[in-house]
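S.K.: Residue numbers (the numbering used here), protein chains in the order written: chain A, 1 to 345; chain B, 1 to 335.
Could you have a look at this structure, given as structure tokens, before my questions?
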Ligand SMILES: Nc1ncnc2c1ncn2[C@@H]1O[C@H](COP(=O)(O)OP(=O)(O)OP(=O)(O)O)[C@@H](O)[C@H]1O
Ligand SMILES: [Mg+2]
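Structure representation (structure tokens):
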């Protein structure tokens with residue numbers, strides 16, 4: 001079997017701010033295979049978006065700086081690749097969808113034109129994206145791209161797709177706009193799709209449809225997805241795997257049923273406890289005092305220690321490394337050893 | 001869209017009424033006797049009264065007002081005491097020169113200001129950006145007449161590349177008037193020599209007029225480009241692999257221009273009303289000079305007429321801008 005689609009190893013990222021360098025990503029490890037949907041969860045500001053944006057090299061440097069680590073996409077380290085090469089991967093091999101469907105489409109152009117632009121950009125690196133010969137004229141390519149755009153809209157479930165190519169973004173509902181954005185992200189046939197809170201701005205029924213659509217895409221095209229969300233309910237329904245982030249670290253990761261049924265890390269346990277109360281707000285956790293630590297001078301050792309109900313003195317000594325607590329199930333907490341789940345014994 | 005335009009025109013009515021009422025009131029309140037001024041220093045009391053009677057200025061002011069408004073309804077702007085000609089005819093003679101000057105200035109300002117604003121935003125905080133910011137501040141703060149004098153000194157006196165003033169040399173026979181714009185009329189007449197003369201005469205006053213709108217448009221365009229470049233849809237376009245040039249020239253530029261359009265419309269009206277000094281410096285026979293002469297001799301009809309025409313053009317310019325705004329920005333289509 002070939003290597004993983006994406007392998008992030010020990011990724012460290014600092015952000016220069018007024019107070020100094022903030023260590024916003026502090027050793028991220030994440031491996032995504034084709035056919036997997038990884039949920040990336042955690043409180044606001046823990047670095048989910050920066051992790052996703054780093055894969056497409058969309059984090060502006062400065063203020064950001066990659067201290068160490070690697071992001072290997074099909075074996076090639078994206079951090080070492082010249083930007084011109086990264087550019088050829090965007091849209092074509094790595095697609096992205098963002099949170100707010102109203103602001104992520106250009107209001108001045110018909111959606112058909114925006115889809116065609118993405119398709120043509122992808123085709124300029126790989127002619128097979130369009131269903132026409134590589135030496136076709138520009139007109140022919142445009143026509144092929146437009147045909148493809150219509151097919152894509154149809155595939156993401158937009159009724160009367162061909163006719164709607166000529167509509168402007170504001171003529172669509174929020175859910176339909178997010179479908180358009182998914183079509184845009186998929187039109188270049190990417191192998192990895194990064195979706196940063198794609199349903200947060202949508203109401204619950206639309207949210208379920210969009211998630212079903214993403215799930216179907218993985219099944220049909222054998223791609224990998226990273227689904228960034230702060231909602232464990234979404235993860236449970238949609239994802240095959242989950243990585244829980246806290247203040248720039250992945251504190252627990254593994255197959256979704258494993259992690260949800262036997263959460264090992266105290267932070268995951270706290271997150272789980274917060275699920276049933278659906279009204280629990282973003283960024284606040286039931287039963288957990290305090291807030292996300294200051295990342296300019298983070299607490300020594302485990303960054304969760306100051307809020308952790310199970311913390312002991314050793315927790316502030318060194319950053320705990322991940323240990324296997326089940327099949328492919330890892331947690332980074334000194335209170336977990338072997339197959340033991342952290343508990344107050 | 002028709003409704004949109006109609007509504008604008010209806011809104012003009014109170015503007016016209018307000019303007020005429022105020023101007024009539026001012027005419028009444030101003031000290032001095034415009035009729036005596038127009039009749040000349042040697043006129044007898046009888047001659048002055050006869051002149052006042054001829055122009056209806058001996059009647060009560062509200063009668064004068066309603067006569068004027070009645071005339072307005074069929075395009076009569078009254079008669080100038082000074083030139084003894086219908087104001088409408090005078091304006092028709094002077095307006096094209098001013099319009100040609102203002103339009104040329106705005107074309108220069110837009111053609112240079114928009115790309116420059118876009119470029120300085122894309123390469124912001126490098127030296128070309130800083131340089132153009134400094135030059136822009138200088139251009140905005142320099143009085144136009146002073147700039148005009150500098151240009152004359154440089155290009156007409158020292159280098160002798162361009163004529164000092166006027167619209168055409170006396171020895172050149174003007175083309176038959178079609179649009180009143182000499183640059184266009186000479187082209188229509190196919191007289192290339194006269195065309196190049198007209199362009200050379202237009203160049204300096206137009207540049208002098210264009211610099212301050214150019215600088216403002218550039219700064220506005222720079223600011224809105226920076227704002228648009230931070231929009232989510234630009235990030236999405238980058239994330240999906242669109243080439244940088246296409247993102248800037250297509251996705252960013254169009255949205256940034258729509259924010260800059262308003263300034264362009266405002267500046268157009270502002271320039272129309274502010275041509276006097278440049279027209280004086282360059283001896284440009286336009287509305288500004290005409291209105292100034294009228295004001296000095298307290299000849300109110302031309303003053304009101306010019307104010308009305310400029311007001312109308314201002315509204316028309318902003319209407320065009322709003323229509324353009326709808327073309328660029330589909331979401332605001334005349335709702
Ligand atoms: N451009 C930037 N400049 C400085 N700091 C930044 C920048 N972008 C993000 N950060 C900081 O990096 C940290 C992680 O941000 P990130 O956007 O990845 O969080 P997140 O987990 O996606 O949060 P949310 O759930 O709110 O989207 C935050 O503390 C944020 O303040
Ligand atoms: Mg985020």
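Beta carbons are placed, not taken as given, at the ideal position from N, Cα and C, and that holds for glycine.
The structure presented is a predicted model; accordingly, all values stated were derived computationally and were not measured.
(1) Given a cut-off of 8 Å, decide if residue 162 of chain A and residue 241 of chain B are closer than it, judged by their beta-carbon atoms.
(2) Within the same chain, show all residues whose beta-carbon is closer than 6 Å to that of residue 242 of chain A, passing over the 5 residues directly before and after it, in chain order.
(3) Can you check which of these residues, B/328, B/154 and B/281, is closest to residue 255 of chain B by C-alpha distance?
(4) Exposed or buried, residue 154 of chain B, counting other C-beta atoms within 10 Å across all chains shown (16 or more means buried)?
(5) At a cut-off of 7 Å, is residue 49 of chain A close to ligand 2 when judged by its beta-carbon and the heavy atoms of the ligand?
(6) Against chain A, does residue 153 of chain B count as a neighbour if the rule is that its beta carbon must be under 8 Å from one of theirs?
(7) Which term fits residue 151 of chain B, buried or exposed, when burial requires 16 or more other beta carbons within 10 angstroms of its beta carbon?
(8) Quick one: residues in its chain with C-beta nearer than 6 Å to the C-beta of residue 329 of chain A, no 5 flanking neighbours on either side, listed in chain order?
(9) Could you run through the stretch 103-136 of chain A and flag, in chain order, every residue whose CB is less than 7 Å away from some CB of chain B?
(10) Which one or two residues does DSSP pair with residue 242 of chain A in a beta bridge?
(11) Which residue's Cα is closest to the Cα of residue 101 of chain B: B/238, B/331, B/322 and B/208?
(12) Are any of the Cβ atoms in chain A nearer than 8 Å to that of residue 293 of chain B?
(13) Over what stretch of residues does the alpha helix (DSSP H) that includes residue 49 of chain A continue unbroken?
(14) Which one of B/164, B/112, B/261 and B/145 has the shortest CA to CA distance from residue 319 of chain B?
(15) Per the DSSP calculation, residue 30 of chain A is bridged to which residue(s)?
(16) Which whole-angstrom value describes the C-beta separation of residue 97 of chain A and residue 73 of chain A, a residue pair presumed to lie in contact below a C-beta threshold of 8 Å?
(17) Does the Cβ-Cβ distance between residue 95 of chain B and residue 323 of chain B come in under 8 Å?
(18) The beta strand (DSSP E) spanning residue 90 of chain B covers which residue range?
(19) What does the alpha-carbon distance come out to for the pair residue 74 of chain B and residue 312 of chain B?
(20) Measure the Cβ-Cβ separation of residue 294 of chain B and residue 281 of chain B and say whether it is below 8 Å.
(21) Mind checking whether the beta-carbon of residue 230 of chain A lies closer than 7 Å to any heavy atom of ligand 4?
(22) Using beta-carbon positions only, say whether residue 23 of chain B and residue 215 of chain B come within less than 8 Å of one another.
(23) Can you list, in chain order, the residues of its chain whose CB lies under 7 Å from that of residue 154 of chain A, leaving out five sequence neighbours each side?
(24) Looking at the strands, I want to know which residues DSSP matches up with residue 70 of chain A.
(25) Any heavy atom of ligand 2 within a distance shorter than 7 Å of the CB on residue 197 of chain A?
(26) Mapping the DSSP letters down to three states, classify residue 196 of chain A as helix, strand or coil.
(27) Just to confirm my understanding: we take residue 49 of chain A, look at its own chain, exclude 5 residues before and 5 after, and list those with CB closer than 6 Å. What are they?
(28) Under a Cβ-count criterion, where at least 16 other Cβ atoms within 10 Å of its own Cβ denotes burial, should residue 13 of chain B be classed as buried or exposed?
(29) Nearest chain B C-beta to residue 185 of chain A closer than 8 Å, yes or no?
(30) Where do the ends of the alpha helix (DSSP H) carrying residue 95 of chain A lie?
(31) Got a sec: is the Cβ-Cβ distance from residue 56 of chain A to anything in chain B below 8 Å?
(32) Checking contacts by CB at 8 Å: is residue 121 of chain B closer than that to chain A?
(33) For a quick check, are the C-beta atoms of residue 189 of chain B and residue 169 of chain B less than 8 Å apart?
(34) My understanding is that residue 194 of chain A touches residue 52 of chain A, with C-beta atoms under 8 Å, so please give their C-beta distance in whole angstroms.
(35) Classify residue 37 of chain A as buried or exposed, calling it buried when 16 or more other Cβ atoms lie within 10 Å of its own Cβ.
(36) What distance in whole Å lies between the Cβ atoms of residue 82 of chain B and residue 283 of chain B, which are believed to be in contact at a cut-off of 8 Å?
M.R.: Here's the rundown:
(1) no
(2) 39, 235, 256 and 259
(3) Here the closest residue by C-alpha is B/328.
(4) With fewer than 16 other Cβ atoms within 10 Å, it is exposed.
(5) yes
(6) no
(7) buried
(8) Within the same chain, Cβ atoms closer than 6 Å to the Cβ of residue 329 of chain A are found at 254 and 258, the five residues on either side in sequence being excluded.
(9) 103, 104, 105, 106, 107, 108, 117, 118, 121 and 122
(10) A/39 and A/254
(11) B/208
(12) no
(13) Here the alpha helix (DSSP H) through residue 49 of chain A covers 48-55.
(14) B/261
(15) A/8
(16) Not a contact, Cβ separation roughly 18 Å.
(17) no
(18) Counting along the chain, residue 90 of chain B falls outside any beta strand (DSSP E), though it belongs to the alpha helix (DSSP H) covering 87-122.
(19) 16 Å
(20) For residue 294 of chain B and residue 281 of chain B, no; Cβs fall outside 8 Å.
(21) Looking at this structure, you won't find ligand 4 anywhere; what it does contain is ligand 1 and ligand 2.
(22) no
(23) 161
(24) A/9
(25) yes
(26) strand
(27) 196
(28) exposed
(29) yes
(30) Where residue 95 of chain A is concerned, there is no enclosing alpha helix (DSSP H), although the beta strand (DSSP E) it sits in stretches over 94-97.
(31) yes
(32) no
(33) no
(34) 5 Å
(35) buried
(36) The Cβ separation is near 19 Å, so there is no contact.
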